[in-house]
Amino acid sequence: MGKAIRDSGIPRDQIFVTTKLPAKSKSYDDSLKFFEETMQNLGLDYVDLYLIHAPWPWEEMGADYSKENVEVWRAMEKIYQSGRAKAIGISNFNVQDQKNILENCKVEPMVNQLQYYIGYTEPQNVKFAKESGMLVEAFSPLATGYLLNNDTVSDIAKQNGVTVAQLAIQYCIQHDILPLPKAVNPAHINENKELDFVIPDTDMETLDSLVDTAPGEDHNE
Ligand SMILES: NC(=O)c1ccc[n+]([C@@H]2O[C@H](COP(=O)([O-])OP(=O)(O)OC[C@H]3O[C@@H](n4cnc5c(N)ncnc54)[C@H](OP(=O)(O)O)[C@@H]3O)[C@@H](O)[C@H]2O)c1
Numbered sequence: 071m072g073k074a075i076r077d078s079g080i081p082r083d084q085i086f087v088t089t090k091l092p093a094k095s096k097s098y099d100d101s102l103k104f105f106e107e108t109m110q111n112l113g114l115d116y117v118d119l120y121l122i123h124a125p126w127p128w129e130e131m132g133a134d135y136s137k138e139n140v141e142v143w144r145a146m147e148k149i150y151q152s153g154r155a156k157a158i159g160i161s162n163f164n165v166q167d168q169k170n171i172l173e174n175c176k177v178e179p180m181v182n183q184l185q186y187y188i189g190y191t192e193p194q195n196v197k198f199a200k201e202s203g204m205l206v207e208a209f210s211p212l213a214t215g216y217l218l219n220n221d222t223v224s225d226i227a228k229q230n231g232v233t234v235a236q237l238a239i240q241y242c243i244q245h246d247i248l249p250l251p252k253a254v255n256p257a258h259i260n261e262n263k264e265l266d267f268v269i270p271d272t273d274m275e276t277l278d279s280l281v282d283t284a285p286g287e288d289h290n291e
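Printed below as a string of structure tokens:
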């Protein structure tokens, strides 16, 4: 990634680089070490956003790492204060995990990156994060592609003269959430930038009421 950024010729301040602390890192020292390793791999002077990937190691999803997360957050604060991460945040943190950091921090998390797509919107986690002043980022806003096959979503997209991907991305924006669609196909990348439309309130209400829109998609809970 660092090489791609350098080779692109695009000024560094025109690119927003986010990277994450591995979910398995649950101590202060390990967290500083992982950050150094990432920075060496990237060959960059700073990242724009550094996130704790998850409140628990992947193989222990749901386990209570509250005490350790406070230590990890101390390392995140040190990294932030060094200026080598312009912003710091969390990912996959539920309400309790978020409270734990807020009650024990000096610098509050600026972002919570959560799984968010039409039909799966983590309402309590999103509400709490927003009310605590965090920017909510939507990961997998197309449900890793599974949403593209949903008939109801597809009909609403057609009625609005847009694709399902465009509708799903705009849906996040109209809920004040920053969508992070991933695409390697250049046609997809271009399509995902064409968002000069507004989803009418009635369609937003229908989309809000949908559940189980993307069978096959995994959830981190
Ligand atoms: N914090 C976390 O725990 C976590 C977990 C998962 C993901 N994420 C983040 O979220 C980002 C996106 O998530 P994701 O990759 O799971 O899923 P996604 O963005 O919901 O979906 C990606 C899939 O949609 C396809 N796609 C994109 N635009 C399209 C379009 N206009 N038309 C048709 N297909 C389209 C892509 O195909 P092509 O690639 O072929 O274009 C790819 O197969 C990741 O890059 C990652 O940074 C974070």
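Residue numbering for the sequence shown follows our numbering, starting at 71 and increasing by one per position.
Ideal Cβ placement from N, Cα and C applies to all residues, glycine included.
Sort 233, 189, 178 by Cα distance to residue 264 and report the nearest one. Of the candidates 233, 189, 178, the one whose C-alpha sits nearest the C-alpha of residue 264 is 233.
Simplified DSSP state of residue 80, which is helix, strand or coil: For residue 80, the three-state secondary structure derived from DSSP is coil.
Give the DSSP-derived three-state secondary structure of residue 243 in the structure shown. Residue 243: helix per DSSP, three-state reduction.
Tell me, to the nearest whole angstrom, how far the beta carbon of residue 158 is from that of residue 142; I am working on the premise that it is less than 8 Å. 11 Å between Cβ atoms; not a contact.
Among 154, 108, 161, which one has its Cα closest to the Cα of residue 126? Considering only alpha carbons, the answer is 161.
Looking at the unbroken alpha helix (DSSP H) that takes in residue 267, where does it start and where does it end? That residue, residue 267, is in no alpha helix (DSSP H); it is neither H nor E in DSSP.
Scan the region 76-149 and note each continuous alpha helix (DSSP H) run of 4 residues or more that stays entirely inside, going in chain order. Look at the region 76-149 and you find these whole runs of alpha helix (DSSP H), each 4 residues long or longer: 98-112.
Identify which residue in 82, 196, 251 has its Cα closest to the Cα of residue 218. Nearest C-alpha to residue 218: 251.
Rounded to whole angstroms, what is the Cα-Cα separation between residue 223 and residue 270? If you take the alpha carbons of residue 223 and residue 270, they lie about 14 Å apart.
Using 10 angstroms around the beta-carbon of residue 153, count the other beta-carbons present and answer buried if the total reaches 16, otherwise exposed. Counting the other CB atoms within 10 Å of its CB gives residue 153 a total below 16, which places it among the exposed residues.
Sheet register partners of residue 344 (DSSP bridge): For residue 344 there is no data in the structure shown, the boundaries of the chain being 71 and 291.
Below 8 Å on the Cβ atoms is my contact criterion, and I expect residue 139 with residue 165 to pass it. Report the Cβ-Cβ distance as a whole number of Å. Their Cβ separation, rounded to whole angstroms, is 14 Å, which puts residue 139 and residue 165 out of contact at 8 Å.
DSSP three-state assignment for residue 253, whether helix, strand or coil: The answer is coil: DSSP assigns residue 253 none of H, G, I, E or B.
Cβ distance (whole Å) where residue 190 is taken to contact residue 208 below 8 Å: That pair is no contact at about 10 Å.
Ends of the alpha helix (DSSP H) at residue 226? It spans 221-229 - the alpha helix (DSSP H) in which residue 226 sits, taken as one unbroken run.
Keeping to the same chain, check which residues put their C-beta closer than 6 Å to that of residue 88; ignore five residues upstream and five downstream. Cβ neighbours of residue 88 beyond the five flanking positions: 119.
Is the beta carbon of residue 141 within less than 7 Å of some heavy atom of ligand 1? Result no, Cβ not under 7 Å from ligand 1.
Rounded straight-line distance, which links the Cα of residue 273 to that of residue 93: Their backbone Cα atoms lie some 37 Å apart in a straight line.
In angstroms, rounded to a whole number, what distance separates the CA positions of residue 256 and residue 173? Approximately 44 Å between the Cα atoms of the pair.
Just to confirm, are residue 249 and residue 259 a CB contact at a threshold of 8 Å? Not closer than 8 Å, so no.
Taking only the alpha-carbon atoms, compute the straight-line gap between residue 77 and residue 278 and give it to the nearest angstrom. Take the alpha-carbon of residue 77 and the one of residue 278: they are about 42 Å apart.
Measuring straight from C-alpha to C-alpha, what distance separates residue 216 and residue 287? Their backbone Cα atoms lie some 7 Å apart in a straight line.
Return the residue from the list 147, 112, 200 that minimises the CA-CA distance to residue 99. Taking only the C-alpha atoms, the option nearest residue 99 is 147.
Beta-carbon proximity of residue 171 to residue 179, cut-off 8 Å: Taking 8 Å as the Cβ cut-off, residue 171 and residue 179 qualify as a contacting pair.
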